[in-house]
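Worksheet: one structure, shown below.
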Amino acid sequence: MKIGFIGLGNMGAPMAANLARAGHAVTGFDTAGVTVEGVIPAASAAEAASGADVVITMLPNGAILRAVADQIIPAMAPGAGFVDCSTVDVDSARFVAETAEKAGLLAVDAPVSGGVGGAAAGTLTFMAGGSDAAFAKAQPLFEIMGQKAVHCGGSGAGQAAKICNNMILGVTMIATCEAFALADKLGLDRQKMFDVVSTSSGYSWTMNAYCPAPGVGPKSPADNDYKPGFAADLMLKDLRLSQQAAESADADTPMGQLAAELYRRFVEDEDGRGRDFSAMLPRFETRGRT
Ligand code: NAD
Numbered sequence: 029m030k031i032g033f034i035g036l037g038n039m040g041a042p043m044a045a046n047l048a049r050a051g052h053a054v055t056g057f058d059t060a061g062v063t064v065e066g067v068i069p070a071a072s073a074a075e076a077a078s079g080a081d082v083v084i085t086m087l088p089n090g091a092i093l094r095a096v097a098d099q100i101i102p103a104m105a106p107g108a109g110f111v112d113c114s115t116v117d118v119d120s121a122r123f124v125a126e127t128a129e130k131a132g133l134l135a136v137d138a139p140v141s142g143g144v145g146g147a148a149a150g151t152l153t154f155m156a157g158g159s160d161a162a163f164a165k166a167q168p169l170f171e172i173m174g175q176k177a178v179h180c181g182g183s184g185a186g187q188a189a190k191i192c193n194n195m196i197l198g199v200t201m202i203a204t205c206e207a208f209a210l211a212d213k214l215g216l217d218r219q220k221m222f223d224v225v226s227t228s229s230g231y232s233w234t235m236n237a238y239c240p241a242p243g244v245g246p247k248s249p250a251d252n253d254y255k256p257g258f259a260a261d262l263m264l265k266d267l268r269l270s271q272q273a274a275e276s277a278d279a280d281t282p283m284g285q286l287a288a289e290l291y292r293r294f295v296e297d298e299d300g301r302g303r304d305f306s307a308m309l310p311r312f313e314t315r316g317r318t
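Our numbering numbers the first residue of the sequence shown as 29 and each following residue consecutively.
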C-alpha cells in the first residue's frame, strides 16, 4: 500500500518504520523535520497524504488533529483510509471522521495502548471506531503495527474505550499506591502486602503486573527509579480527556475527577513531571493526613 504517515514522534516514528519494513511505501511528515529509516520525507502533510491508500496520523492532541485533517482531507482521493491513532477527545475524533466521510474517505479512530516499547516491537493494541469498511481497510496495517485490534463500534468508540480504560488505570494506580503507603505506616511488610493483595480481591493490573513498590512483584518502572514507562504527564492527559468526555456526556465520574486532580497536582505543582505514573507511591509515602 501507499501510506502517508503524519506525526513521527516517539510513537509515530517506530510505527512508520515497521510499516516500511513490512514492504509498504511510506511517506512521512512531521513539523519537527524528523526523518525515519525507510520512510520517504514529504515537505508537508498534504504532500504525504496525496495519492495515499491510507493516511495515518499520530499527533499530540485534538486541536492539532483537526488542523492536520483540514490540510490532508482535500489532498486525499475518495475511498482512501484516514486512520487516526492519536489519543484525542471523543468530540474531535467524531468531528474529523464526519468531515472525512463527507469527502468520501473511510475514517477510523484507533488510539493505541502499549507505549513506546509496543510501538517499536509492533505489539500495540488498537481500539478502533468507524464503519466495517473503514476498519477492514486499516486492519492489515494494525496487524503489522500491533498484536490486537478491537473494533469497538462507530466513530469515537475507539477513543471512548481508551479513556474509559485509562480512567480505571489512573484510579486503580492511586488506590494501589495509597494502600501501600498505609500498609507501610501500619508496619506491614511490602512483600507480604503484595503476596496477599495480588492473590486476593484487591488484585489489579497495577498491583500484579506493574507494582509501584520497588523490589516487589514483576520488574516495573519502580525498579528503574520511576523512569517511564507511562509518564504521569500522559496519565494526566488521558484523565483530562475522560473528564472532558464525562462533562459532554453528563456522566457522574467522581473517582475519575479526583484522580485527574491528584495527577494534576503531582505533575504541575509537585515533582511528577517526567516520572512514571506509579511514582504516586513515593508521593504518598512522604505525606500525612493533612
Ligand atoms: P510525540 O510528542 O513524541 O509526537 C508527536 C509528533 O507530532 C511530534 O514529533 C510533533 O513534532 C508532531 N507534530 C505536532 N504537530 C504536527 C503537525 N501539525 N503536523 C505534523 N506533525 C506534527 O508524542 P507521542 O508520544 O508519539 O504520542 C503521540 C500520540 O500517541 C499522543 O496522542 C499520545 O497521547 C498517544 N500515546 C502515546 C503513548 C506513549 O507512551 N508515548 C502511548 C499511547 C498513546
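Positions of the beta carbon are idealized from the N, C-alpha and C atoms, including for glycine. Nothing here was measured: the structure is a model prediction, and the numbers come from that model.
Tell me the DSSP secondary structure of residue i in three-state form.
i    : result
A259 : strand
T85  : strand
K265 : helix
G284 : helix
V54  : strand
P69  : strand
D253 : coil
D304 : strand
Against chain D, with Cβ distances strictly below 8 Å, would residue i count as a contact?
i   : result
D58 : This model lacks chain D altogether, as it is built from one protein chain only.
Would residue i pass as a contact of residue j if the rule is Cβ separation under 8 Å?
i    : j    : result
F305 : M201 : yes
L26  : A161 : Residue 26 is absent from the model: the chain starts at 29 and stops at 318.
A138 : D112 : yes
V199 : A273 : no
F258 : G143 : yes
R218 : A211 : yes
G79  : K30  : yes
M173 : N46  : yes
M155 : K190 : yes
The alpha helix (DSSP H) spanning residue i covers which residue range?
i    : result
I202 : A185 to K213
A44  : G40 to R49
D98  : G90 to I100
T115 : Counting along the chain, T115 falls outside any alpha helix (DSSP H), and DSSP gives it neither H nor E.
M235 : W233 to N236
Report the rounded CA-to-CA distance for residue i versus residue j, giving the unit in angstroms.
i    : j    : result
M235 : G245 : 8 Å
V140 : V295 : 23 Å
C205 : P240 : 7 Å
A335 : M283 : Summary: the structure shown does not reach residue 335, with the chain confined to residues 29 through 318, and so no result is reported for it.
G302 : T115 : 18 Å
T85  : A177 : 17 Å
A250 : L214 : 21 Å
Y291 : F57  : 32 Å
Y254 : L309 : 10 Å
Y231 : T55  : 45 Å
S159 : A260 : 33 Å
R268 : E289 : 9 Å
G314 : T153 : According to the sequence shown, residue 314 is Thr rather than Gly. Each residue's alpha carbon lies about 36 Å from the other.
A237 : G316 : 28 Å
V136 : R122 : 10 Å
Where do the ends of the beta strand (DSSP E) carrying residue i lie?
i    : result
F110 : G109 to D112
K220 : Run containing K220: none in the beta strand (DSSP E); it sits in the alpha helix (DSSP H), R218 to V225.
G32  : K30 to I34
Requested in this report: For the segment 129 to 177, list the alpha helix (DSSP H) runs that are entirely contained and at least 4 residues long, ordered along the chain.
Outcome: 143 to 149 and 160 to 173
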